[in-house]
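**Q**
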Amino acid sequence: MVETSGETDWQWSREVLVKWLNTARLASSMNSNALAPPGEHLDALWERQAQATSILRRLNGNDADVILLEPRVGGRHQLVSVAQGIRTIQAAIGKIDTMAETAARLGTDAPRMPADAMHPVVWGAASRLWRDGHYSAAVQRAATFINAEIQDKVGRHDVSDAALIRETLTPTRPPEVGKPRLRWPGKDDNLTVKAMREGIFSFALGCFLAIRNPTTHGANDLPRQEALEQLATLSTLARWIDGCDVVTVPGVD
Numbered sequence: 035m036v037e038t039s040g041e042t043d044w045q046w047s048r049e050v051l052v053k054w055l056n057t058a059r060l061a062s063s064m065n066s067n068a069l070a071p072p073g074e075h076l077d078a079l080w081e082r083q084a085q086a087t088s089i090l091r092r093l094n095g096n097d098a099d100v101i102l103l104e105p106r107v108g109g110r111h112q113l114v115s116v117a118q119g120i121r122t123i124q125a126a127i128g129k130i131d132t133m134a135e136t137a138a139r140l141g142t143d144a145p146r147m148p149a150d151a152m153h154p155v156v157w158g159a160a161s162r163l164w165r166d167g168h169y170s171a172a173v174q175r176a177a178t179f180i181n182a183e184i185q186d187k188v189g190r191h192d193v194s195d196a197a198l199i200r201e202t203l204t205p206t207r208p209p210e211v212g213k214p215r216l217r218w219p220g221k222d223d224n225l226t227v228k229a230m231r232e233g234i235f236s237f238a239l240g241c242f243l244a245i246r247n248p249t250t251h252g253a254n255d256l257p258r259q260e261a262l263e264q265l266a267t268l269s270t271l272a273r274w275i276d277g278c279d280v281v282t283v284p285g286v287d
């Protein structure tokens, strides 16, 4: 259960807590009241207390004081109660051990996007096939419907797929008679507008080449998660297409 760099390493954390727990039991093994006398085991507990406390705070999501060692007589160098520490560490180890199972059953707290909140053209085209478990076909149909939307928007049905994208969205290609273009609205010399136009063109071309084509001609069905991500990608494209203006030759309807 080792997590990636930059995230909490719960396996290592568990090992630290188990070591602290075992040392606490050794330190108090001769005392039924869980009182640890001075010695190497108690010294080890003091040395690891700050580290164990940091783990407990990360685990429980707070900065509250954590009491693991309670001196009874004469401070650190006399008898120290480890009872509370043992109970706290035991509970923490149990929590770590059940985290993976809990996440698997309940899911994580990561944000989720409902599929039916995607662009209506995308989910409307894909939903029936998706519910039947035909994930590649659902993605392919959604891409086909976006293709049809673009054709209808510019009034052209003589070209499709990647060729349609090049004909309609290439930023440097001006409109021709009978060949309108799609343009992100704004002034031509505005840097953000130029970036959007270039980005939408490249993004749309990538969607048709890397999503529509493989799902149309491929033999293997996509995994569910990968297919959902591709639908979300197509949904983004559909929303950008909605935002584009149809540009025609001046004076020509």
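To get this note's numbering, take the position in the sequence shown, counting from 1, and add 34. We put the beta carbon where it would ideally sit given N, CA and C, even for glycine.
1) From V193 to T204, what does the alpha carbon distance come to, in whole angstroms?
2) Give the secondary structure of K213 by DSSP, where H, G and I count as helix, E and B as strand, and everything else as coil.
3) Using three-state DSSP, classify S194 as helix, strand or coil.
4) Determine the burial state of E49: buried for a count of at least 16 other Cβ atoms within 10 Å of its Cβ, exposed for fewer.
5) Between the alpha carbons of S62 and R121, how many angstroms are there, rounded?
6) What does the alpha-carbon distance come out to for the pair A182 and G220?
7) Who pairs with L69 in a beta bridge, going by DSSP?
8) How about A244 and V155: are their beta carbons less than 8 Å apart?
9) Rank G119, S115, A126 by C-alpha distance to the C-alpha of R92 and give the top, closest one.
10) Answer yes or no: do L239 and A176 have a C-beta to C-beta separation smaller than 8 Å?
11) Below 8 Å on the Cβ atoms is my contact criterion, and I expect W278 with L225 to pass it. Report the Cβ-Cβ distance as a whole number of Å.
12) Over the uninterrupted alpha helix (DSSP H) stretch that includes D186, give me the two end residues.
13) Based on Cα-Cα distance, which residue from L79, L113, E81 lies nearest to S66?
14) Quick check on the DSSP output: the alpha helix (DSSP H) that includes D279 runs from which residue to which?
15) T57 and L90 - do their beta-carbons sit closer together than 8 Å?
**A** In this structure, then:
1) 14 Å
2) strand
3) Three-state DSSP puts S194 in coil, outside helix and strand.
4) exposed
5) 14 Å
6) 25 Å
7) S115
8) no
9) A126
10) no
11) Looking at the sequence shown, residue 278 is not Trp but Cys. Not a contact, Cβ separation roughly 18 Å.
12) Under the DSSP assignment, D186 falls in the alpha helix (DSSP H) whose first and last residues are 169-188.
13) L113
14) Not the alpha helix (DSSP H): D279 falls in the beta strand (DSSP E), residues 279-281.
15) no
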